[in-house]
Amino acid sequence: MNFLLLIVLVGILSTSCADDEKQAPKYSTPIAKGDVYLQEPFDSDDAIDSWTVSKAKKDDVDSEIAKYDGKWKVESPQENALPGDLGLVLKSKARHHAIAVLLDKPFVFDSKPFIVQYEVNFQTGIECGGAYMKLLTHTEDLNLEQFQDKTPYTIMFGPDKCGEDYKLHFIFRHKNPKTGEFEEKHAKKPTVDIKSYYTDKATHLYTLMLTEDNNFKIYIDHNEVNSGSLLTDFSPPVNPPKEIEDKDDKKPEDWDEREKIADPEASKPDDWDEDAPAKTADPDAEMPDGWLEDEPLYVDDPDAAKPEDWDDEMDGEWEAPKVDNPKCSEVAGCGTWEPPMISNPAYKGKWRPPMISNPNYKGIWKPRIIPNPDFFEDSQPFKMFPIGAVGFELWSMSEDILFDNIIITSDKQVSDEYAEKTWKMKKQVQAENEPGFVQGLLSATEERPWLWIIYVLVVGLPLVLLFTFCCSGGKKADPKKTDEATPDDPHDSEEEKEAEEGSQKDATESQGEEDGGDEVSTARSGEEEEEGGDGEKPVTKADLEKDEEDVDDDDSGPVRRSPRKRKPRVQD
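For the sequence shown, the numbering used here assigns the number 78 to the initial residue and increments by one for each residue that follows.
Given below as structure tokens:
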């Protein structure tokens with residue numbers, strides 16, 4: 078219980094400390110230096126002017142939803158905003174959105190690494206929708222005003238979620254050198270759980286890096302969540318198999334795939350009765366005594382009466398409802414008696430011949446393997462088509478998705494330094510503004526009201542018990558009304574008990590003196606004998622009190638104390 082109280086106190090202190098004023102880090106628009114192809118911090122109200130909002134329409138959909146009419150706006154984040162920091166915000170839900178911008182220069186995949194990095198914040202949560210970007214293929218006729226779902230892209234990268242399906246896309250389009258057709262290659266799923274990045278309403282940093290050795294790495298908030306090879310970790314694989322099954326091959330008509338067959342030489346035994354039932358009446362059973370075969374199980378209800386409004390012509394002949402026959406409840410049973418059913422010892426079921434190995438078995442047929450006529454080998458899938466623009470082409474059922482600080486470079490150090498000046502500062506502010514322990518508990522009840530029950534049981538009940546324990550003292554002893562010791566007096570000490578015993582002894586001795594001097598003399602002689610020659614009789618507190626009274630009563634002169642009258646050490 079003390080542990081729970083400690084948690085509550087720590088929570089209260091953390092809440093109060095969280096309310097203290099904190100100085101936000103100073104933010105200034107970052108400027109990346111190095112081999113940079115695009116950097117977009119969106120830190121001015123007119124930043125959106127350099128982007129192109131699509132005017133295209135989707136093909137093969139109803140005209141009402143074919144337009145890319147979703148709204149975009151550059152504004153500051155709703156929470157944990159840095160002074161002067163703005164971002165691109167998707168403002169509409171249940172709308173198609175498309176917006177794009179040209180790179181400062183096309184990125185050509187030669188020998189340099191490729192790094193793309195940007196921030197995403199699902200400010201109001203994400204129900205169903207994407208926040209991925211498309212890195213559009215550089216062509217001479219690239220028209221961003223007609224940017225739509227069929228616009229060729231080289232890479233698609235970023236988060237996507239619908240229902241409980243949380244995805245982090247990395248798709249690249251690969252051209253078949255033989256057929257000239259493009260095919261999407263999907264990276265394997267991340268190796269860690271990424272759900273929290275979609276649900277905490279915080280800003281997260283997404284980074285994709287490709288290298289000349291055909292490897293890739295994906296980071297969220299600088300933490301690696303996926304990595305692998307462009308050659309082996311994508312579906313379908315970049316390179317087709319060297320050999321394939323011949324789709325024109327047909328199974329021969331005499332090909333027997335049956336591993337076991339019924340023995341053609343077997344015959345049914347003469348005594349095999351296929352018609353014998355599985356169950357039969359028990360021949361040894363007898364009808365119980367008292368069974369009333371002539372009595373029905375149910376009889377007409379004797380208390381039932383024909384309704385007054387019953388019309389035989391309209392309703393038919395009236396019949397009383399049936400009730401259990403009361404006579405049957407007093408005996409073993411009523412009606413026709415039938416013996417119970419038991420397993421039929423003669424039952425064998427339908428006869429089937431035993432199974433034997435098929436002498437003509439050839440195995441499971443498969444088409445023959447032939448060289449793949451479409452085989453090719455691309456040993457450098459890293460050398461993708463050049464990238465000329467970046468765009469967001471999205472459908473979302475959630476609004477206020479914020480994008481910020483996009484950078485494309487060939488140097489990982491450049492993107493890391495860019496994040497230090499942007500995302501890391503946001504993370505610092507977010508950490509400082511995190512609610513205290515108690516506030517976190519209260520916030521959790523907004524989505525899970527049933528937590529209140531647990532809070533009351535775990536925290537409230539111990540507090541009530543503690544309050545009750547502290548405020549209710551032990552039962553006080555009744556005060557003594559006199560100085561006289563009483564039998565139930567809780568304050569009697571050992572010395573008081575000894576004094577009481579001495580008083581009772583003195584009273585007995587005084588009574589003995591009144592009864593006769595002979596008894597006193599005899600008692601004194603006995604005492605002297607008990608003392609012995611050298612030793613002395615142990616003296617009690619009562620004896621000392623009596624001796625003192627004898628001395629005080631003698632007023633004739635100086636007190637002469639005999640050895641008998643000296644005050645010895647009292648033995649307990």
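The beta-carbon is built from N, C-alpha and C at its ideal position, and this holds for glycine as well.
It should be emphasised that the depicted structure is a prediction, and the values quoted were computed from it without experimental measurement.
Check, Outcome
"List the residues that DSSP assigns as beta-bridge partners of Asp333.", "In DSSP, Asp333 forms no bridge with anything."
"Go through its chain and collect everything with a Cβ distance to Lys244's Cβ below 6 Å, but skip five positions before and after it.", "Asp237"
"Let me confirm a value: Ser131 is counted as buried when at least 16 other C-beta atoms fall within 10 Å, else exposed. Which label applies?", "buried"
"Got a sec? Which residues, its chain only, sit under 6 Å from Phe191 by beta carbon, not counting five neighbours each side?", "Leu287"
"When the Cα atoms are used, what is the spatial distance from Ala362 to Asp350?", "25 Å"
"Is it true that the CB of Glu196 sits closer than 7 Å to the CB of Thr280?", "yes"
"What number of angstroms, rounded off, separates the C-alpha of Leu528 from the C-alpha of Thr522?", "6 Å"
"According to DSSP, is Gly537 part of a helix, a strand, or is it coil?", "helix"
"If I'm right that Glu359 touches Ile441 with Cβ under 8 Å, what's the distance once you round it to whole angstroms?", "Sequence inspection shows Asp at residue 359; the Glu mentioned does not correspond to that position. Not a contact, Cβ separation roughly 51 Å."
"Alpha carbon to alpha carbon, how far is Pro463 from Lys227? Give it in angstroms, no decimals.", "17 Å"
"Using 7 Å as the threshold, is the C-beta distance between Thr129 and Pro118 below it?", "no"
"Would you decide whether Ile203 is buried or exposed? Buried here means 16 or more other CB atoms lie within 10 Å of its CB.", "buried"
"Can the beta-carbon of Lys319 be found less than 7 Å from the beta-carbon of Phe452?", "yes"
"Mapping the DSSP letters down to three states, classify Ala382 as helix, strand or coil.", "coil"
"Quick one: measure Cβ to Cβ for Gly206 and Arg172, integer angstroms, because I've assumed they're closer than 8 Å.", "Their Cβ separation, rounded to whole angstroms, is 10 Å, which puts Gly206 and Arg172 out of contact at 8 Å."
"Which word fits Val467, buried or exposed, when buried means at least 16 other C-beta atoms lie within 10 angstroms of its C-beta?", "buried"
"So, using beta-carbon positions, are Pro183 and His215 closer together than 7 Å?", "yes"
"Count the CB pairs spanning the segment 154 to 166 and the segment 495 to 513 that are closer than 8 Å, and state whether there are at least three.", "yes"
"In three-state terms, what does DSSP make of Ile271?", "coil"
"Which residue spans inside the segment 115 to 196 form an unbroken beta strand (DSSP E) run of at least 3?", "149 to 152, 164 to 167, 172 to 184"
"Counting C-beta neighbours from all protein chains within 10 Å, is the total for Lys211 16 or more, i.e. buried, or is it exposed?", "buried"
"Measuring alpha carbon to alpha carbon, tell me which of Leu282, Asp455, Asp325 ends up nearest Asp493.", "Leu282"
"I'd like to confirm the pairing. Which residues does DSSP put opposite Cys205 in its beta bridges?", "Cys239"
"Within this structure, are the beta carbons of Phe459 and Glu289 separated by less than 7 Å?", "yes"
"State the beta-bridge partners of Arg429 as determined by DSSP.", "According to DSSP, which records beta bridges pairwise, Arg429 is partnered with nothing at all."
"How big is the Cα-Cα spacing for Trp387 and Pro417?", "44 Å"
"Give the straight-line distance between the Cα atoms of Trp428 and Lys356, rounded to the nearest whole angstrom.", "18 Å"
"Give the DSSP-derived three-state secondary structure of Met418 in the structure shown.", "strand"
"Tell me where the beta strand (DSSP E) around Lys399 begins and ends.", "399 to 401"
"Can Asp323 and Ile447 be called in contact, C-beta distance under 7 Å?", "yes"
"Just list the residues that DSSP pairs Leu471 with in beta bridges.", "His174"
"Quick check: the Cα distance between Ser434 and Gly426, rounded to an integer number of angstroms?", "24 Å"
"Which of helix, strand or coil does DSSP assign to Asp611?", "Low local confidence applies: a pLDDT of 48 at Asp611 is under 50, so the model's placement there is unreliable, with the coordinate-based value given in what follows. Asp611: coil per DSSP, three-state reduction."
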